[in-house]
Amino acid sequence: MNRNNILAQQVRTEIQCSDCGKTATVPFKPTAGKPVYCRECLSKHRSKRPEKENRGETRPRAENEKQAWSRRRENWK
494 MNRNNILAQQ
504 VRTEIQCSDC
514 GKTATVPFKP
524 TAGKPVYCRE
534 CLSKHRSKRP
544 EKENRGETRP
554 RAENEKQAWS
564 RRRENWK
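494 is the number of the first residue of the sequence shown in the numbering used here; add one for each residue after it.
This is the structure in C-alpha cells:
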C-alpha cells in the first residue's frame, strides 16, 4: 500500500478552530476539553514553542557518569 492510499483511507473529523473559528478537518478524533486548531493557527502555536536546545536540561545529571551507568545497569531488565 502506498502513502496516497493510506492518506485516502484516513478518517477525517470536521472541527472548528479554537482560535479563529474556521471549519477544518483533522486526521484524528479530537480529545474533549483540549483545543484543536486549523492548519494556519497550528503553525502559529508551533512557532511559539521553545526549540529543543533552548529548553535546558530536562533530567538531572549524575555528578559522575560512571555512577549513573552503574545505577542504570543494576535496574536493567
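Every residue gets a Cβ at the ideal spot worked out from N, C-alpha and C, and that includes glycine.
A quick note: this is a predicted structure, and the numbers were derived from the prediction, not measured.
Check, Outcome
"Is cysteine 513 buried or exposed, if buried means 16 or more other CB atoms sit within 10 Å of its CB?", "exposed"
"Rounded to a whole number of angstroms, what is the C-alpha to C-alpha distance between proline 523 and arginine 496?", "23 Å"
"Among Ala525, Cys531 and Leu535, whose alpha-carbon lies nearest the alpha-carbon of alanine 517?", "Cys531"
"For proline 528 versus threonine 506, is the C-beta spacing smaller than 9 Å?", "no"
"In the DSSP assignment, what are the bridge partners of threonine 516?", "Gln509"
"Near cysteine 534, what residues of its chain come up, given a Cβ to Cβ distance below 7 Å and the 5 sequence neighbours on each side ignored?", "Cys510, Asp512 and Cys513"
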